[in-house]
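Enquirer: Read top to bottom, the protein sequences are chains A and B. The first sequence begins at 320 in our numbering and counts up one residue at a time. The second sequence begins at 4 in our numbering and counts up one residue at a time.
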Amino acid sequence: MNHRSVSRLEGMLDFTLTPDQEAFRERVRAWLKANIEADWQRKIGSSDVPRPEAYEYLRRWQHKLHDAGFIGLTWPKEAGGQGLTFMEELILHEEMAVAKAPPILNILGVGMAGPTIVAYGTEAQKRRYPAKILSCEEIWCQGYSEPNSGSDLAALQTRAVKDGDHYVINGQKVWTSLAHIADWMMLLARTDPDAPKHKGITYFLLDMKAPGVTVKPLKQITGDPEFNEVFFDNVRVHESQVLGEVNNGWQVGLTTLMYERLALGFGLQVRLRITLEGLIELARKMEKSGRTVTKDPVMRQKIAQLWIDTESLKYTGARAITKLLRGEMPGPEASAGKMVWVETHQRLQELAMEIEGPYSQLMQGSDWALDGGSWQYTFLRSRANSIEGGTTEIQKNIIGERVLGLPK
Amino acid sequence: MDFGFSQEQEQIRATARKFFENECKSEFVRARMAEPAGVTDDFWKKLGEQGWLGLVYPEEYGGTGLGFVDLTVLMEEMGRAVMPGPFFSTLLGGLAILEAGSADQKKEWLGKISDGTVKATLAWTEPSARWDAPGVTTTARAAGGGFTLTGTKLFVPDAHLADVLVVVARTSEGKRAEDGVSLFLVPRGAKGLGTKLLPTMDQTRKLCEVKLEETPATLLGTKDGGWAPLERVVQRATVALCAEMCGGAQKVLDMTTEYAKIRVAFGKPIGSYQGVKHRAADMLVDVENAKSLTYYAAWAVDENVPESALACSMAKAYTSDAYRKVSGAGIQLHGGIGFTWEHDLHLYFKRAKSSEFTFGDATYHREKVAQLISL
């Protein structure tokens with residue numbers, strides 16, 4: 320086997336790691352073992368999405384990860400990153416899954432804003448923002464969707480009008496995660512209303528504390544205000560806050576979305592695996608008609624299918640990463656990830672309700688609620704998965720048109 | 004980690020695709036469907052000349068000496084061409100000889116398999132259609148220094164063409180059903196060996212009933228030690244089959260996408276309608292995930308890592324569903340033309356069906372996954 324592995328260094332299906340990568344894995348594993356608090360899930364409530372009471376806890380957690388050099392692995396060193404490859408990123412996320420580590424709070428900054436600033440930013444912007452994203456000193460949110468432009472994002476109507484060396488912003492964003500705790504926003508606004516809709520948009524780095532910015536929590540299906548509406552009333556933004564060229568915001572914004580899919584992709588698969596292991600634990604302690612759920616043949620089929628789908632996400636991701644490591648563009652395999660994750664996660668949450676049976680009706684606050692009512696929260700929250708970050712319908716259009724080449 | 008194919012493997016793919024486009028066109032496939040042989044001497048000889056009949060056997064036994072991942076690349080292309088003939092059955096027999104045979108037996112058979120002079124098969128399942136050890140009821144009796152076999156095998160691929168059959172039989176009733184299983188070699192024309200070709204839905208895959216009545220047989224490997232090598236053979240063959248299924252599913256997606264671009268309804272290409280576009284996107288997801296799990300399984304069985312059984316079952320469970328769904332959607336999106344005998348879609352649809360139930364369907368393998376993750 321050894322001699323075969325050596326002959327394979329040319330490049331072939333191979334999951335063996337280099338000694339450096341193995342050493343990195345060991346280092347991550349040891350660090351996580353020493354630093355994860357055993358009862359963190361009970362402290363903040365186990366869920367995919369951080370709940371409000373968890374923010375301070377998670378801010379400290381990301382700070383700790385950053386101090387240990389585990390945030391921004393693939394970012395260049397001059398931007399405060401580690402200059403490593405996607406392979407180390409993958410290893411880190413795998414180990415975090417195995418160790419059941421808390422999530423990364425400033426995920427929109429780390430996954431989207433930072434890489435986009437590194438790609439398009441001026442020297443001053445690159446000095447100013449990325450490091451504080453990694454340390455979680457400054458949290459970012461994403462100002463894309465509006466009440467009348469969700470899937471049709473390029474139809475956005477928030478205006479930015481030039482006034483001296485400033486732009487004056489008026490309009491509204493919606494579904495803005497983390498806006499209530501964010502310091503900065505990736506803002507898309509229309510700077511040329513006469514240009515075709517994709518060509519008149521500019522990407523701004525907006526200070527959320529600027530006068531005229533109002534954040535209103537938007538209570539959602541879970542009862543939590545995780546999302547927000549953000550209103551802009553004559554907000555003045557200096558022209559040095561434009562990212563990339565004026566009227567080139569669509570291109571810059573698309574880059575952000577590409578990073579979103581890549582970066583969140585690692586995290587999503589890993590979270591799914593953690594959630595699935597939680598589901599199996601739940602199934603082991605529940606009974607249906609006097610038989611443990613995991614011994615029921617139908618339930619075994621359903622759980623096994625979730626396991627298979629979760630694993631498929633991992634290997635489909637590995638194929639995309641391999642292309643990146645070889646300096647190629649990801650192929651069709653990269654497009655499917657978000658959709659598969661959404662469908663699998665929603666099916667998993669439905670199954671959690673099925674396993675709980677009548678107990679699925681009880682929410683947090685009841686002594687009878689299972690696992691503190693956390694499944695009820697994640698079940699409800701999962702309905703947003705097929706809407707946020709590009710609806711499933713839009714994802715299918717993208718695959719149909721850009722990957723398969725079908726006509727519009 | 005490098006989860007992609009090497010340049011050499013991409014070269015195998017390119018060579019194979021071109022070869023099958025020239026040598027295994029639809030007319031060729033259909034002519035072979037209509038006759039018992041399922042292959043021509045000329046075509047078989049050419050497969051041998053390419054080095055494909057002995058691709059994974061070591062060079063010392065006359066094989067090409069390539070790896071299992073190389074085979075999956077080749078099988079994908081064979082599936083794309085919905086290639087008929089006894090390639091897969093001969094692979095089953097050859098792998099069994101490789102896994103279980105003595106050095107002399109490997110020398111005797113693998114070279115002849117590799118150069119195309121011998122076709123082989125594996126006679127395992129019986130009318131009970133079980134994939135587990137208790138399903139092996141064909142009995143082997145010691146007789147005059149050798150053995151005789153008695154029993155009925157069913158769903159045996161290409162037994163009517165095989166020069167040698169590897170037969171799974173019971174030599175003893177051990178503590179576990181697995182303990183008393185042995186493998187035997189039975190040459191064509193052996194006394195008491197009767198093979199009957201059965202009409203099959205997928206005419207590109209010929210299946211037989213094989214009757215053994217006190218048929219003389221030579222032990223392959225060790226007595227009572229047949230189950231472990233059989234499991235290794237079946238694991239490898241299952242992953243190879245998954246690769247073939249992926250190739251077929253990809254071809255159906257390609258055909259369907261091309262058709263959706265040119266077929267006009269209500270003044271527009273049907274691919275512009277979301278009802279069609281979204282279903283095509285679903286097909287792509289099925290195909291890509293099936294490939295991911297199959298490539299992973301290919302790596303796992305090639306390296307013989309501990310999770311190889313799990314990887315194999317995940318791949319077969321997913322790919323069985325995926326090929327069935329994709330080939331069904333292909334017919335649906337083609338409309339009436341997709342339902343005709345003239346169009347090639349039904350060849351893929353039927354291959355998907357026969358492959359689905361070879362070495363366990365999705366339900367069977369999901370249960371295996373459940374066991375392997377300790378549910």
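Note that the Cβ used here is the ideal one computed from N, Cα and C, for glycine as well.
Could you tell me which residues DSSP pairs with E465 of chain A in its beta bridges?
Expert: A:S468.
Enquirer: Can you tell me where the beta strand (DSSP E) with L188 of chain B in it begins and where it stops?
Expert: Residues 184 to 190.
Enquirer: Could you check which residue in B:F150, B:N25, B:A40, B:V72 has the C-alpha nearest to that of E13 of chain B?
Expert: Minimum Cα distance to E13 of chain B is reached at B:V72.
Enquirer: Find out if the Cβ-Cβ distance for the pair I436 of chain A, L595 of chain A is shorter than 8 Å.
Expert: In this structure, L595 of chain A does not lie closer than 8 Å to I436 of chain A by Cβ.
Enquirer: How would you label A268 of chain B, buried or exposed, when you count the other beta carbons within 10 angstroms and need 16 or more for buried?
Expert: That one is exposed.
Enquirer: From this set, B:A332, B:Q335, B:V189, B:A99, which residue's C-alpha is nearest D166 of chain B's C-alpha?
Expert: Out of B:A332, B:Q335, B:V189, B:A99, B:V189 has the C-alpha closest to the C-alpha of D166 of chain B.
Enquirer: Counting only beta-carbon separations shorter than 8 Å, does A637 of chain A have a partner in chain B?
Expert: Yes, A637 of chain A counts as interfacial toward chain B.
Enquirer: Nearest CA to the CA of G251 of chain B: which residue from B:D305, B:L348, B:L74?
Expert: Checked all of B:D305, B:L348, B:L74; the closest Cα to G251 of chain B is B:L348.
Enquirer: When we look at the beta-carbon of R645 of chain A and count the other beta-carbons within 10 Å, is it buried (16 or more) or exposed?
Expert: Flag for R645 of chain A reads exposed.
Enquirer: One question on the structure: do Q340 of chain A and I426 of chain A come within less than 8 Å of each other, judged by their Cβ atoms?
Expert: Cβ distance not < 8 Å, so Q340 of chain A and I426 of chain A don't count as in contact.
Enquirer: Taking Cβ positions, are K254 of chain B and Y351 of chain B nearer each other than 8 Å?
Expert: In contact: K254 of chain B and Y351 of chain B (Cβ atoms closer than 8 Å).
Enquirer: Under 7 Å between beta-carbons, which chain B residues line up against S631 of chain A? List them in chain order, please.
Expert: Near S631 of chain A (Cβ distances below 7 Å), the residues of chain B are N292, S295, L296, Y321.
Enquirer: At 4 residues or longer, what runs of the alpha helix (DSSP H) sit wholly inside the region 608 to 691 of chain A?
Expert: List check, alpha helix (DSSP H) in window: 616 to 644, 651 to 654, 656 to 675.
Enquirer: Applying the criterion that 16 or more other CB atoms from any shown protein chain within 10 Å of the CB defines a buried residue, is N467 of chain A buried or exposed?
Expert: The residue is exposed, with fewer than 16 neighbouring Cβ atoms inside 10 Å.
Enquirer: Looking at the C-beta of K715 of chain A, does it have a partner C-beta in chain B at a distance below 8 Å?
Expert: Chain B, which has a Cβ nearer than 8 Å to the Cβ of K715 of chain A, makes this yes.
Enquirer: If contact means a Cβ-Cβ distance below 8 Å, which residues of the region 314 to 339 of chain B contact chain A?
Expert: Under the 8 Å Cβ criterion, the region 314 to 339 of chain B contributes M317, A320, Y321.
Enquirer: Are the beta-carbon atoms of Q126 of chain B and L168 of chain B separated by less than 8 Å?
Expert: Sequence check: residue 126 of chain B is Ala here, not Gln. Against a cut-off of 8 Å, the Cβ pair of L168 of chain B and A126 of chain B comes out as a contact.
Enquirer: If the cut is a Cβ gap below 7 Å, which residues of chain A does L287 of chain B touch?
Expert: Simply P651, A655, I718, V722, L723.
Enquirer: To test your reading of the DSSP string, which unbroken alpha helix (DSSP H) runs of 4 or more residues are found completely within the region 409 to 454 of chain A?
Expert: Complete alpha helix (DSSP H) runs here, min 4: 433 to 439, 442 to 447, 449 to 453.
Enquirer: Which two residues bound the contiguous beta strand (DSSP E) that contains A123 of chain B?
Expert: 123 to 126 is the span of the beta strand (DSSP E), which, as asked, contains A123 of chain B.
Enquirer: In this structure, how does DSSP classify E557 of chain A when only helix, strand and coil are distinguished?
Expert: The sequence given here has His at residue 557 of chain A, not Glu. Three-state result, H557 of chain A: strand.
Enquirer: When DSSP builds the beta bridges, which residues end up paired with P160 of chain B?
Expert: B:L210, per the DSSP bridge assignment.
Enquirer: By DSSP, does H281 of chain B sit in helix, in strand, or in coil?
Expert: H281 of chain B: helix per DSSP, three-state reduction.
Enquirer: Please list the residues of the region 261 to 286 of chain B that have a C-beta atom closer than 8 Å to any C-beta atom in chain A, keeping them in chain order.
Expert: For the region 261 to 286 of chain B, which is checked against every Cβ of chain A, the residues closer than 8 Å are A263, K264, K271, P272, G274, S275, Q277, V279, K280, H281, A283, A284, D285.
Enquirer: Hey, does G384 of chain B have any beta-carbon neighbour from chain A nearer than 8 Å?
Expert: The structure shown has nothing for residue 384 of chain B, since chain B only spans 4 to 378.
Enquirer: Expressed to the nearest angstrom, what Euclidean distance is found between the alpha-carbon atoms of F22 of chain B and A106 of chain B?
Expert: Going by the C-alpha atoms only, they are around 33 Å apart.
Enquirer: Spatial neighbours of Y439 of chain A within its chain, please: CB distance less than 6 Å, with the 5 preceding and 5 following residues excluded, ordered by chain position.
Expert: The residues are L562, G563, V571.
Enquirer: Residues in the region 447 to 458 of chain A with C-beta within 7 Å of chain B's C-beta atoms, listed in sequence order?
Expert: From the region 447 to 458 of chain A, no residue has a Cβ closer than 7 Å to chain B.
Enquirer: DSSP puts M505 of chain A in a beta bridge; with which residues?
Expert: Answer by DSSP bridge pairing, in chain order: A:Q461, A:L524.
Enquirer: Could you name the residues of the same chain whose beta carbon sits closer than 8 Å to that of A293 of chain B, not counting the 5 residues immediately before and after it, in chain order?
Expert: Counting only Cβ-Cβ distances below 8 Å, and skipping sequence neighbours, we find C245, M248, C249, A252, A318, Y321, T322, A325, Y326.
Enquirer: Using alpha carbons as the reference points, say which of A:K419, A:R378, A:L377, A:Y376 lies closest to R348 of chain A.
Expert: Measuring from the Cα of R348 of chain A, the nearest candidate turns out to be A:K419.
Enquirer: Check whether the region 15 to 29 of chain B touches the region 296 to 315 of chain B, taking contact to mean three or more Cβ pairs, one atom from each stretch, closer than 8 Å.
Expert: No, the region 15 to 29 of chain B does not touch the region 296 to 315 of chain B.
Enquirer: List, in chain order, every chain B residue whose beta-carbon is nearer than 8 Å to that of V659 of chain A.
Expert: Chain B residues near V659 of chain A: V288, N292.
Enquirer: Given this structure, state the Cα-to-Cα distance separating I340 of chain B from H346 of chain B, to the nearest angstrom.
Expert: Near 7 Å, if we compare the C-alpha coordinates of H346 of chain B and I340 of chain B.
Enquirer: Short of 6 Å in beta carbon distance, which residues of its chain neighbour N321 of chain A, apart from the five on each side in sequence? Order them along the chain.
Expert: For N321 of chain A, the predicted model reports a pLDDT of 29, less than 50, meaning its position is unreliable; a value from the coordinates is still stated below. Counting only Cβ-Cβ distances below 6 Å, and skipping sequence neighbours, we find nothing.
Enquirer: Given this structure, state the Cα-to-Cα distance separating T260 of chain B from H337 of chain B, to the nearest angstrom.
Expert: Those two C-alpha atoms are separated by around 10 Å.
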